[in-house]
Every structure is written in structure tokens, then in C-alpha cells.
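Residue numbers (this note's numbering): 29 to 503. Have a look at the structure below before the remarks.
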């Protein structure tokens with residue numbers, strides 16, 4: 029089991045590393061060659077579309093992965109999702125066209141919006157095939173299904189800037205073409221499974237089962253990009269450009285979470301499904317995640333200004349220094365939050381998850397509306413940090429108290445260590461790059477000492493669910 033997990037993790041990590049590499053190249057080329065107004069408008073439209081299509085999945089995508097992992101017919105489950113994707117994406121695109129015609133004067137560059145939306149439809153249509161690969165744990169399939177769009181976008185942008193002056197319309201057409209090519213590749217890879225988008229038995233049952241998760245998807249989608257959208261409404265496109273650059277860098281830095289998170293769903297589903305009990309190794313994994321999260325957050329903060337100002341010619345570095353610091357503080361909270369969410373999702377506690385997302389999303393929207401006019405982009409970052417802390421806290425009543433205490437202690441120790449390493453290096457070393465290397469090196473050294481001293485005291489000892497969790501109500 030461990031060898032298979034390591035092999036799958038390595039393949040999945042390679043996929044994500046490739047996507048991140050080409051994603052960073054794409055993001056940097058856009059930030060270099062587009063003005064802040066154009067860059068902000070592009071990211072605002074992409075945030076709107078990402079929110080719409082995330083909601084459009086209705087939670088069926090994750091339900092399908094869980095059902096495939098639990099042994100149900102893969103082609104049948106993915107086929108039901110494909111049917112949903114075809115019908116719902118067609119309806120939504122017609123609505124986007126309607127809005128572009130009716131509200132064309134209020135929306136800037138509706139043609140750009142329509143082209144970007146056409147590309148996102150192809151991404152949505154490829155999702156059933158990717159969820160099929162994820163549920164079957166065919167991570168080599170998932171690797172090939174996911175990398176080519178990123179490669180085409182990055183290479184295409186480099187070619188465009190070499191031969192002509194980059195325009196928003198060039199970017200939109202390139203993105204659409206790359207995403208439709210990816211859909212064709214995805215279908216070829218999954219040709220072994222004949223997914224039928226026509227009416228299939230079981231869709232109504234699947235749809236009803238996904239209703240609680242649909243609420244989660246709505247709130248999660250809003251939580252993921254509502255700050256970008258509200259910045260566009262309450263501030264300016266320039267603010268969107270600056271915040272989106274910082275937030276995208278923060279997202280790119282969560283590579284380990286992106287690698288581990290999807291793999292935990294089928295793993296936890298089988299573990300709780302066969303009632304074999306929790307394994308101490310899963311909590312050891314969380315310890316490693318916390319250590320990595322604090323290190324990544326420290327590295328992001330320390331290297332941000334000296335590296336980003338050079339890469340963007342001073343456009344997005346210093347102006348986002350405070351935003352990056354606040355978002356970095358949310359890094360370990362984000363990892364713990366994802367771990368707790370996966371535990372509850374694997375046990376089908378959908379009402380609990382829905383309630384947590386609803387409360388968190390409502391708080392985040394109110395906090396952004398209150399803080400954005402006062403503190404600008406820093407207010408959006410504070411709202412995100414506070415929202416993640418509240419979201420994580422809402423899962424705690426269903427987790428054993430002893431584990432909560434140990435996890436909170438781990439978060440406190442490594443967060444304080446990262447802050448102390450950073451501030452100490454800045455005070456002692458005047459050179460920014462030298463201080464950055466000193467801070468990260470100090471953190472790694474002390475973290476390694478703490479970790480090896482605690483190896484004899486595992487985070488949990490029990491191999492079976494604790495009584496408090498065994499009797500916890502399921503939703």
C-alpha cells in the first residue's frame with residue numbers, strides 16, 4: 029500500500045510540478061507584457077468564469093470519485109457526470125451570450141468574455157474523464173490529461189511576444205485553443221471507457237445524492253474567488269491585477285497540498301469504508317504537511333520582494349509585501365483545513381461540510397465588504413486568513429480533543445519558528461537575499477531537530493477510531 033501511494037504521489041507530483049512550472053511562465057509573461065488594467069480585466073473575467081463553472085459541477089465531480097473508489101462502475105459514474113456537463117455547460121453559455129447582449133454596455137470587452145467562456149466549457153467537459161482517472165487512481169493518465177494545456181499556453185505566449193505585441197484578444201484565443209486541444213487529448217487517453225452522455229439510469233439518484241455537496245461547491249467557489257470579484261466591483265482593475273498576482277503566487281506555492289489532497293479522497297474513502305480504523309500514518313502525514321506549509325510560507329515571504337520586483341520590473345513585488353505576509357500565515361491553516369475536510373467527506377458528512385462552507389463564505393463576503401474600502405487588498409487577505417481559521421474551527425467538534433491539542437501545538441510551534449526565523453534574519457542581515465537564505469536555513473535546521481526529537485512521541489497511537497469519533501453523528 030505504501031509503495032503504491034508513493035508511486036502515485038510521485039506521478040501526481042510530477043504532473044503538478046509541470047503545471048506549476050508552465051503556469052508560472054504563463055503568469056509572468058502576462059504580467060510583463062500586459063498593462064495592469066488589461067491584466068486585471070483578464071483575471072477578473074477568469075475569476076468570474078472559474079466561480080461559475082465550479083458551481084456548475086454541482087458537487088457531482090467529487091461524488092463520482094468517491095463512488096468509483098468504492099467500487100461502482102467507472103464508465104457508468106463518469107458517463108452520468110458527462111451528461112450533466114454537456115447539458116449544463118450549454119445552458120450556461122447561452123446565458124453568458126444573453127448577458128453579453130443585454131448588458132454589453134456595462135461589461136468591458138464582451139467578446140473577450142465569450143472567447144474565454146468557450147475555452148472554460150472544454151475544461152468542464154474534460155472533468156468527467158479526469159475524475160474517472162482519479163477515482164481509478166490512474167495518475168499516469170491524469171498526468172497526460174492535465175499538462176498539455178499548460179504547455180501550449182506557455183509556449184504559445186512566448187511565441188506571441190516574440191512575433192507581435194501581446195493583446196488581450198491574442199491571449200483569449202490562445203487559451204481557448206489550448207483548452208479544446210486538451211479535451212481531445214483527454215478523450216483519446218480515456219478511450220478504453222465508453223462514456224455515454226445520453227440519458228442514463230441513475231442520474232436522478234446521483235443528482236439527489238450530490239445536493240448537499242452542491243451547496244458546498246457553491247460556497248467553496250464563492251470563497252475561492254469572491255475577493256477578486258469584490259475587488260473588481262469595489263476598487264479598480266489595477267487593484268485586481270495586484271491582488272490576483274499575489275494570490276496566484278500563493279496558490280502556486282501550495283504545490284504539496286495540490287499533490288496530496290486529491291490522493292487522500294480515495295485513500296480515506298477505502299479506510300473508513302472497510303471500517304479497518306484510522307492509521308497512525310495519516311496523522312504523521314499531517315505533521316509533515318504542517319512543517320512543509322510553514323517552510324513554504326516563510327520562503328514566499330522572504331524571497332517575495334527581492335525576486336518578484338526583479339521579475340516584474342517593480343510592478344508587483346513591494347506593493348504586495350503585506351498581502352503575501354498575511355496569506356503566508358494562512359498556509360498551515362489551509363493544509364489542516366483540507367485534511368479535516370477530506371476526513372469528513374470520506375465519511376459522507378455532507379451536511380456538516382455544507383454548514384461549514386456556508387458560514388465561512390458568509391463571513392468572508394461580509395469581511396471583504398467591510399475591510400476592502402478601509403485597507404484595500406490587505407483587507408481581502410485578512411478576510412481570507414480569518415475565514416480559513418473559522419472554517420477549520422467548524423470541523424473540530426468531530427475530531428478527538430487530544431488530536432486537536434497536538435495538532436494546534438504543532439501549528440503554533442512551526443508558525444512561531446518560521447516567524448522568528450524570518451524576523452531574526454531581517455534584523456541581523458541587511459542583504460535581502462542573504463537574509464532569505466539564512467531564515468529558511470535556520471527554519472529547516474531547527475524544524476529537523478524538533479521533528480526527530482518528537483519521532484518517539486507519535487501524534488496519535490490508536491489504530492482504530494477514537495470513541496468520540498466513533499459515536500459522532502454522520503450527516
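Even glycine gets a Cβ: it sits at the ideal position worked out from N, Cα and C. Here the structure is a predicted model, which is why all the values come from computation and not from measurement.
_For residue 343, the first and last residue of its enclosing alpha helix (DSSP H)_ = Here residue 343 belongs to no alpha helix (DSSP H), and DSSP marks it neither H nor E.
*Can you list, in chain order, the residues of its chain whose CB lies under 6 Å from that of residue 494, leaving out five sequence neighbours each side?*
Note that residue 494 scores a pLDDT of 40, beneath 50, so its modelled location is shaky and nothing firm can be said.
*Could you work out which residue in 58, 468, 386, 359 is closest to residue 197 when comparing CA atoms only?*
58
*Any idea what DSSP makes of residue 428, helix, strand or coil?*
coil
_Below 8 Å on the Cβ atoms is my contact criterion, and I expect residue 420 with residue 373 to pass it. Report the Cβ-Cβ distance as a whole number of Å._
Incorrect: roughly 15 Å between the Cβ atoms, too far for contact.
*Sequence-distant residues of the same chain with beta carbon closer than 6 Å to residue 29, five excluded per side*: Low confidence applies to residue 29: its pLDDT is 49, below 50, so where it sits in the model is not reliable, and the reading given next is rough at best. No residues qualify anywhere along the chain.
*In whole angstroms, what separates the C-alpha of residue 122 from that of residue 153?*
16 Å
*Would you check whether the ligand GTP has a heavy atom nearer than 7 Å to the C-beta of residue 389?*
The model depicted lacks the ligand GTP and carries no ligand whatsoever.
_Here's the rule I'm using: 16 or more other beta-carbon atoms within 10 Å means buried, otherwise exposed. How should residue 101 be labelled?_
exposed
*asked:* Let me make sure I understand the geometry here. Which of 477, 328, 392 has the alpha-carbon closest to that of residue 468?
replied: 328
_Can you check whether the C-beta of residue 278 is within less than 8 Å of a C-beta belonging to chain C?_
Although the question refers to chain C, the structure presented lacks it and comprises just one protein chain.
_Whole angstroms are fine: how far does the CA of residue 98 sit from the CA of residue 332?_
43 Å
*Mind checking whether residue 199 and residue 70 have CB atoms under 8 Å apart?*
yes
*Please check the pair residue 442 and residue 318, which I expect to be a contact at CB under 8 Å, by giving their CB distance rounded to whole angstroms.*
6 Å
*Roughly how many whole angstroms lie between the Cα atoms of residue 459 and residue 310?*
40 Å
*Within its chain, find whatever has a CB closer than 7 Å to the CB of residue 105; leave out the 5 residues flanking it on each side and keep chain order.*
92, 95, 96
*Can at least three beta-carbon pairs, one atom from the region 230-249 and one from the region 169-179, be found at a separation below 8 Å?*
no
*asked:* Once DSSP output is grouped into helix, strand and coil, what is the label at residue 448?
replied: helix
_So, under 8 Å CB-CB, residue 364 and residue 314 are touching, yes? Tell me the CB distance rounded to an integer number of Å._
7 Å
*CB-CB under 6 Å to residue 48, same chain, minus the five flanking residues each way: which ones, in chain order?*
280, 283
*Is residue 375 helix, strand or coil by DSSP?*
coil
*Excluding the 5 residues preceding and the 5 following residue 148 in the sequence, name in chain order all residues of the same chain whose CB lies nearer than 6 Å to its CB.*
77, 81
*Out of curiosity, what's the CA-to-CA distance linking residue 263 and residue 481?*
49 Å
_Taking the straight line between their C-alpha atoms, what separation do you get for residue 203 and residue 277?_
20 Å
*Should residue 370 and residue 418 be called a contact, given that it needs their Cβ atoms to be closer than 8 Å?*
no
*Which ranges does the alpha helix (DSSP H) cover as unbroken runs of at least 4 residues, wholly within the region 156-193, from first to last along the chain?*
167-191
*Are the beta-carbon atoms of residue 120 and residue 84 separated by less than 8 Å?*
yes
*Put residue 136 into one of helix, strand or coil per three-state DSSP.*
coil
*Is residue 255 near residue 412, with beta carbons less than 8 Å apart?*
yes
*Please report how far the alpha carbon of residue 271 lies from the alpha carbon of residue 52, in whole angstroms.*
16 Å
_Same chain, Cβ closer than 6 Å to residue 150, neighbours up to 5 away in sequence not counted_ = 207, 208, 211
_Short Cβ contact (8 Å threshold) for residue 259 with residue 405_ = yes
*Excluding the five sequence neighbours on either side, which residues of its own chain have a C-beta within less than 7 Å of the C-beta of residue 237, listed in chain order?*
91
*State the start and end residues of the unbroken alpha helix (DSSP H) segment that holds residue 71.*
64-84
*Can you name, in chain order, every residue of its own chain whose Cβ lies under 6 Å from the Cβ of residue 340, other than the five neighbours on each side?*
59
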